[in-house]
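Colleague: Letter by letter, the sequence shown follows residues 1 to 344 of the UniProt record's numbering.
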Amino acid sequence: MTALPETIPVREAHRFPTAALEAFLAGQGQGRLTDLRQMRGGQSNPTFLIVTETGEYVLRKQPPGKLLPSAHAVDREFRVLQALSRTDVPVPRAVAFCADPAVIGTPFYLMERLQGRVFWDPALPELPREERAPIYFAMNEALARLHRVDPAAIGLSDFGRAGNYFRRQIERWSGQWAASKTRENPAIDHLAAWLPAHIPEDDETRICHGDFRLDNMIFHPSEARVIGIIDWELATLGHPLADLAYNCIAYNTDPTVYRGIRGRDLDALGIPSQEAYVRRYCERTGRRDGITSFHLAFALFRLAVILEGVLARAKAGNASSADASEKGALGIALAERGWELARG
Numbered sequence: 001m002t003a004l005p006e007t008i009p010v011r012e013a014h015r016f017p018t019a020a021l022e023a024f025l026a027g028q029g030q031g032r033l034t035d036l037r038q039m040r041g042g043q044s045n046p047t048f049l050i051v052t053e054t055g056e057y058v059l060r061k062q063p064p065g066k067l068l069p070s071a072h073a074v075d076r077e078f079r080v081l082q083a084l085s086r087t088d089v090p091v092p093r094a095v096a097f098c099a100d101p102a103v104i105g106t107p108f109y110l111m112e113r114l115q116g117r118v119f120w121d122p123a124l125p126e127l128p129r130e131e132r133a134p135i136y137f138a139m140n141e142a143l144a145r146l147h148r149v150d151p152a153a154i155g156l157s158d159f160g161r162a163g164n165y166f167r168r169q170i171e172r173w174s175g176q177w178a179a180s181k182t183r184e185n186p187a188i189d190h191l192a193a194w195l196p197a198h199i200p201e202d203d204e205t206r207i208c209h210g211d212f213r214l215d216n217m218i219f220h221p222s223e224a225r226v227i228g229i230i231d232w233e234l235a236t237l238g239h240p241l242a243d244l245a246y247n248c249i250a251y252n253t254d255p256t257v258y259r260g261i262r263g264r265d266l267d268a269l270g271i272p273s274q275e276a277y278v279r280r281y282c283e284r285t286g287r288r289d290g291i292t293s294f295h296l297a298f299a300l301f302r303l304a305v306i307l308e309g310v311l312a313r314a315k316a317g318n319a320s321s322a323d324a325s326e327k328g329a330l331g332i333a334l335a336e337r338g339w340e341l342a343r344g
């Protein structure tokens, strides 16, 4: 098989024997394994391209080593993909789940391999100006579709706890910070103290992706249309504005921090402003409100803790991405930006 730009040879830390996997694939009717490569990215759960006699599939597994409680839940990813396949939310088809760690060392699942475009830079430098806004609004439509789904209608009423989402999340990520801490990050500590006292009174529950950003979507090869939302590890029931704020992080961070577009001339780039983007989402979901400094500070706090966890795994030698140390080091910059928004 010709090496694809989105794949790399399997990293040494993530290699596993394939004999048991081949037996599993044969039992699922997928035929003989003909190639195995690792996908680029995947800061949390190692992701692989599996090529068999019947086609190409993507395999997602837990990383090796000691894991934080409730993290890397590939079974939940598989479940939400199965459930959403019955809606108009664009997701890859879930193929098979394996809970037996004896097969490749950890639980894993297979999903269809979608052929399309992935955009890594929110500035969309590879596209002409007139094609950038349609990509943003296609992403916007995908998020709105997700938040219009009634969890109970697709069997996900127990996919998380309803109510008090922000309070529970702040407690959870504060705990994760304590569990994964490898250095001081004062801004995270400030936000952990500030956020509980500023939680908005409104409360509602929808399916939240948890990591809804541009590069977690596969777009049609030529159309401004999302054909698959990927990386559902952090999905749960929660407040939809948490997803929207997280999706707007790029608007609030500099180009040197997590590929942000803050300070860029968005009109010259042909990219909608945050205000226009949020307004379109509200129109599509029937909302009258929008995100506030609390929602953005919460999103940055949460992402900063996630990246501190990435850094901890990099130091332990079991991170899923080759640039995990670099990504993890952004935790301080993101937390400081979140604290700046909270104070402002």
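Yeah, the Cβ is synthetic: ideal placement off N, Cα and C, and Gly gets one too.
Would the segment 288 to 296 count as touching the segment 243 to 255 if we require 3 or more Cβ pairs under 8 angstroms?
Modeller: Flag = yes, the segment 288 to 296 and the segment 243 to 255 touch.
Colleague: Confirm, please, whether the CB-CB distance from Ala304 to Leu334 is below 8 angstroms.
Modeller: Along the sequence shown, read from residue 1 onward, the residue named residue 334 stands at position 334. Along the sequence shown, read from residue 1 onward, the residue named residue 304 stands at position 304. Going by C-beta atoms, Leu334 is nearer than 8 angstroms to Ala304.
Colleague: Could you compute how far the alpha carbon of Arg113 sits from the alpha carbon of Arg93?
Modeller: Against the sequence shown, residue 113 aligns to sequence position 113. Against the sequence shown, residue 93 aligns to sequence position 93. Going from the Cα of Arg113 to the Cα of Arg93 covers about 9 angstroms.
Colleague: Whole angstroms is fine: what's the gap from Leu307's alpha carbon to Ile207's?
Modeller: The residue you call residue 307 lines up with position 307 of the sequence shown. The residue you call residue 207 lines up with position 207 of the sequence shown. C-alpha separation (whole angstroms): 23 angstroms.
Colleague: By alpha-carbon positions, which one of Ala102, Phe119, Arg284, Asn45 ends up nearest to Phe78?
Modeller: Within the sequence shown, the letter at position 78 stands for residue 78. Of the listed residues, the one whose Cα sits closest to Phe78 is Asn45.
Colleague: If you measure between the beta carbons of Ala224 and Ala123, is that distance less than 8 angstroms?
Modeller: The residue you call residue 224 lines up with position 224 of the sequence shown. The residue you call residue 123 lines up with position 123 of the sequence shown. Their beta carbons are not under 8 angstroms apart, which means Ala224 does not touch Ala123 by this criterion.
Colleague: Please list the terminal residues of the continuous alpha helix (DSSP H) segment that includes Leu334.
Modeller: Working through the sequence shown from its first residue, we reach residue 334 at position 334. Taken as a continuous stretch (DSSP letters only), the alpha helix (DSSP H) holding Leu334 covers 331 to 343.
Colleague: Between which residues of its own chain and Leu33 is the CB-CB distance below 8 angstroms, once the five residues before and five after are set aside?
Modeller: Here residue 33 refers to the residue found at position 33 when the sequence shown is read from its first residue. If we look at Leu33 and ignore the five residues flanking it on each side, its Cβ neighbours are Thr18, Leu21, Glu22, Leu25, Ile50, Val51, Thr52.
Colleague: Specify the secondary structure class of Tyr251 as computed by DSSP and reduced to three states.
Modeller: Here residue 251 is taken as the residue at index 251 of the sequence shown, counted from 1. If DSSP states are grouped into helix, strand and coil, Tyr251 belongs with the helices.
Colleague: Let me check understanding here. Comparing Cα to Cα, which of Gly309, Arg168, Ile230, Asp100 lies closest to Met111?
Modeller: As a first step, residue 111 is located in the sequence shown; it is residue number 111 there, counting from the start. The option with the nearest alpha carbon to Met111 is Ile230.
Colleague: Skipping 5 residues on each side, what residues in its chain have a beta carbon closer than 8 angstroms to that of Asp88?
Modeller: Residue numbering aside, residue 88 sits at position 88 when the sequence shown is read from its first letter. Hits under 8 angstroms: Arg145.
Colleague: Cβ of Gly27 within 7 angstroms of any heavy atom in the ligand ZN?
Modeller: The model on display carries no ligand, and the ligand ZN is accordingly not part of it.
Colleague: Less than 8 angstroms separating the beta-carbons of Ala153 and Leu237?
Modeller: Here residue 153 refers to the residue found at position 153 when the sequence shown is read from its first residue. Here residue 237 refers to the residue found at position 237 when the sequence shown is read from its first residue. No, Cβ-Cβ distance for Ala153 and Leu237 is not below 8 angstroms.
Colleague: Exposed or buried, which one is Asn185 when buried takes at least 16 other CB atoms within 10 Å?
Modeller: Position 185 of the sequence shown, counted from the start, is the residue given in the question as residue 185. Buried, since its Cβ has 16 or more Cβ neighbours within 10 Å.
Colleague: What residues are listed by DSSP as bridge partners for Asp121?
Modeller: Start at 1 with the first residue of the sequence shown, and residue 121 comes out as number 121. Note: Asp121 sits in no beta bridge, so no partner.
Colleague: Checking 8 angstroms against the spacing of the C-beta atoms, do Ala96 and Asp75 come in under that value?
Modeller: If you number the sequence shown from 1, residue 96 lands on position 96. If you number the sequence shown from 1, residue 75 lands on position 75. For Ala96 and Asp75, no; Cβs fall outside 8 angstroms.
Colleague: Between the segment 165 to 175 and the segment 126 to 137, do three or more beta carbon pairs fall short of 8 angstroms?
Modeller: Short answer: they don't touch.
Colleague: Identify every run of the alpha helix (DSSP H) within the segment 177 to 231, keeping only runs that are complete inside it and at least 4 residues long; order them along the chain.
Modeller: Counting whole runs of 4 or more residues, the segment 177 to 231 contains the alpha helix (DSSP H) stretches 186 to 194.
Colleague: In whole angstroms, give me the CA-to-CA distance for Gly317 and Ala13.
Modeller: Counted from its first residue, the sequence shown places residue 317 at position 317. Counted from its first residue, the sequence shown places residue 13 at position 13. Distance between the alpha carbons of Gly317 and Ala13: 8 angstroms.
Colleague: What is the DSSP secondary structure of Ala38, reduced to helix, strand or coil?
Modeller: Counting from 1 along the sequence shown, the entry for residue 38 is found at position 38. Here residue 38 turns out to be Gln, not Ala, going by the sequence shown. Gln38: strand per DSSP, three-state reduction.
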